[in-house]
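Trainee: Could you have a look at this structure, given as structure tokens, before my questions?
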Amino acid sequence: MLDPFCSTSKLLKTFIGHTSYVWSIDCSIFDYDKFICSGSDDCTVRVWDIETNKQINLFDEHSNHVYCVKFSTYHYYNNNDHNVICFSSYDNTIRFWDYKNNQQLQIFNEHTNWVGGIEFSSFNGGRYLCSGSSDNTMRLWDIETSKSLHIFNGHENT
437 MLDPFCSTSK LLKTFIGHTS YVWSIDCSIF DYDKFICSGS DDCTVRVWDI
487 ETNKQINLFD EHSNHVYCVK FSTYHYYNNN DHNVICFSSY DNTIRFWDYK
537 NNQQLQIFNE HTNWVGGIEF SSFNGGRYLC SGSSDNTMRL WDIETSKSLH
587 IFNGHENT
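When the count follows the numbering used here, it moves up by one through the sequence shown with no breaks and lands on 594 for the last residue.
This is the structure we're talking about:
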């Protein structure tokens, strides 16, 4: 982690745990606690407490690389304060994991090839998720119902 206000880009912290390169990271604040999560080529998602620099949880149930990780504000504010990370993988899935209770909540598995990117909507409290896959589609998902609302076809190398 780098200090963005330091002109020399001073290194503040290093989070150690992955055994291969890291594809994606995200930061968030829940209940005044600061967290960072990461997805890696080692097929894991890890969550650290930024203040203590300690790994607080590990999700290792993917069968392949984890490409994108995002904290879900929708689950936090709409589902009894769940602290949830959404992540996409080379195993063609998108998973939602409550890292405080170490419980998988949802899995979207309608893509037919690896899922590289995910993004929550900036409206409706992040209720919608867009995913891009190597199956040359983008999908719009409703997180509340776990349904794919629309498939955007015709893309190349999404």
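The C-beta atom is built at its ideal place from N, Cα and C for all residues, glycine as well.
For my contact list, Tyr503 and Ser525 are in at a C-beta cut-off of 8 Å; report their separation, rounded to the angstrom.
Mentor: 6 Å
Trainee: May I ask you to report which of helix, strand or coil DSSP gives Thr594?
Mentor: Bear in mind that a pLDDT of 48 at Thr594, under 50, signals an unreliable position, so the model cannot answer this.
Trainee: Could you pull the start and end residues of the beta strand (DSSP E) that Glu555 belongs to?
Mentor: Residues 551-556.
Trainee: Does the Cβ-Cβ distance between Lys470 and Glu487 come in under 8 Å?
Mentor: Pairing Lys470 with Glu487 gives a Cβ-Cβ distance under 8 Å.
Trainee: Pull the bridge partners of Trp459 from the DSSP assignment, please.
Mentor: Per DSSP, none; premise fails for Trp459.
Trainee: Report the partner residues of Phe451 according to the DSSP bridge assignment.
Mentor: Answer by DSSP bridge pairing: none, since Phe451 is not bridged.
Trainee: Are there 16 or more other CB atoms within 10 angstroms of the CB of Leu448, so buried, or fewer, so exposed?
Mentor: exposed
Trainee: Within the same chain, show all residues whose beta-carbon is closer than 7 Å to that of Asp571, passing over the 5 residues directly before and after it, in chain order.
Mentor: His547, Thr548, Asn549
Trainee: Are the beta-carbon atoms of Leu541 and Ile554 separated by less than 8 Å?
Mentor: no
Trainee: List the whole-angstrom C-beta distance separating Asp527 from His498, where the pair is believed to meet the contact cut-off of C-beta under 8 Å.
Mentor: Sure, about 6 Å apart at Cβ, within 8 Å.
Trainee: Identify whether Ser510 lies in helix, strand or coil by the three-state DSSP scheme.
Mentor: Looking at the sequence itself, residue 510 is Tyr, so the reference to Ser does not match. The answer is helix: DSSP assigns Tyr510 an H, G or I state.
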